[in-house]
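Mapping of the sequence shown onto our numbering: position 283 corresponds to residue 284, and the numbering continues sequentially without gaps. Don't be surprised by glycine CBs; every beta carbon is placed ideally from N, CA and C. Treat the numbers as computed from the prediction; the structure is a model and nothing was measured. Data first, discussion second: the structure below is written as structure tokens.
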Amino acid sequence: MEQRNNVTEFVLLGLTQSLQGQKILFVAFLLIYIVTIVGNLLIVLIMVISPTLDAPMYFFLGYLSFMDAVYSTTVTPNMITNLLYAKKTISFQACMTQLFIGHLFGGAEILLLVVMAYDRYVAICKPLHYKTIMNQWVRVLLLLVAYFGGFVHAVAHLLFVYNLSFCGPNVIDHIFCDMYPLLKLACTDTYVIGFTVIANDGTISVVIFMRLLFCYGVILHSLKNLSQEGRHKALSTCGSHITVVVLFFVPCIFLYVRPPFTLPVDKFLAVFYTVFTPMLNPLIYTLRNAEMKNAIKKLWTRRRI
């Protein structure tokens, strides 16, 4: 691909221009990022070393935590660093890399959430065939499909933006490089690309979100066939999954199911799903899952001995 523009870097306006506000945000985002990385990598570590957590659900949960850690790292460290400088710049190539990796892991996470819903459906509605259907090869295949889907999604977005002409201005009123803020700066007509993004991101987000809610509705309806203990465990697990799905999809739907323009609230929603959601996911899964909490306690006890 050949770059056809005069812009070599972009200036990110960020959330605030107040020096005092930037200092407060620096401390807050740094603490949140540390909690995010520690929490998600702790889950990955537990998935690897704990022999009791060998069910497919935990296999997918480990990779979801890995995706959250990488997704947050794509945006948050650069955002934290920029809070220390008056002029917040990012090179054109770094901007394209941030866009690609963000959509790669964001798209893969959407598909992985679908896979996790399917896993819960099989476990609860077809328990006798669960181990046969969700065997090791199927797990790996579904994971690869999620990554491949995310890769195709990211390549499509990169091709949309990379070949646009940017001749100035180069100021992005956002916290990181995303589709709509970049389309707003392009010198060429981006009307078709903007509505293609809506058809791609918006439609996919709405359709998958509705199907996930329907899937979990079917699962919850089938709980009447389980024992009281089984219902309690399934409700706890499904409750965690539904919470994560809502936290992930609602901001995405608001951002992409509308005409291709930017709003002031977009930056705060972007902070929510890139900074807060990856931090909340490990807390949601660990606090509502007894097996996860027991595995963490055993790991902590082992370290103290």
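Those residues which DSSP pairs with S92 across a bridge: E10
Roughly how many angstroms lie between the CA atoms of H222 and I134, to the nearest whole one? 21 Å
Are M68 and E110 closer than 7 Å when you measure CB to CB? yes
Along the alpha helix (DSSP H) that carries K24, what are the first and last residues, could you check? 20 to 50
Should A87 go down as buried or exposed, given a rule of 16 or more other Cβ atoms within 10 Å for buried? exposed
Report yes if the C-beta distance between V8 and F167 is below 7 Å; otherwise report no. yes
Just curious, the alpha helix (DSSP H) that G151 is in, first and last residue? 137 to 163
Which listed residue (G22, P279, P182, K298) has its alpha carbon closest to that of L13: P182
Please state if the CB of K268 and the CB of L16 are separated by a distance shorter than 7 Å. yes
Nonlocal neighbours in the same chain, by C-beta distance under 6 Å from L100, ignoring five residues either side: C178
Considering only their Cβ atoms, is the gap separating T244 from I194 smaller than 7 Å? no
Beta-carbon gap between F30 and I81 smaller than 7 Å: yes
Is it true that the CB of L113 sits closer than 7 Å to the CB of A147? yes
Under a Cβ-count criterion, where at least 16 other Cβ atoms within 10 Å of its own Cβ denotes burial, should G203 be classed as buried or exposed? buried
Let me check understanding here. Comparing Cα to Cα, which of H104, S92, G63 lies closest to T75? H104
Proximity winner among R121, P128, F255, relative to V266 (alpha-carbon distances): F255
Note down the Cα distance separating S206 from S51, rounded to an integer number of angstroms. 34 Å
Candidates V39, I33, Y122, G63, of which the one nearest L236 by Cα: Y122
Which word fits H158, buried or exposed, when buried means at least 16 other C-beta atoms lie within 10 angstroms of its C-beta? buried
Contact criterion: CB-CB distance below 7 Å. Does C188 meet it with respect to chain D? The structure shown contains no chain D; it is built from a single protein chain.
Which runs of the alpha helix (DSSP H) spanning at least 4 residues fall entirely within the segment 214 to 267, listed in chain order? 229 to 257
Cutoff 8 Å; reference L54; Cβ partners in own chain excluding five residues on either side: I47, M48, E292, M293, A296
Can you tell me which residues form a DSSP beta bridge with I173? L13
Is the distance from the Cβ of V45 to the Cβ of G22 below 7 Å? no
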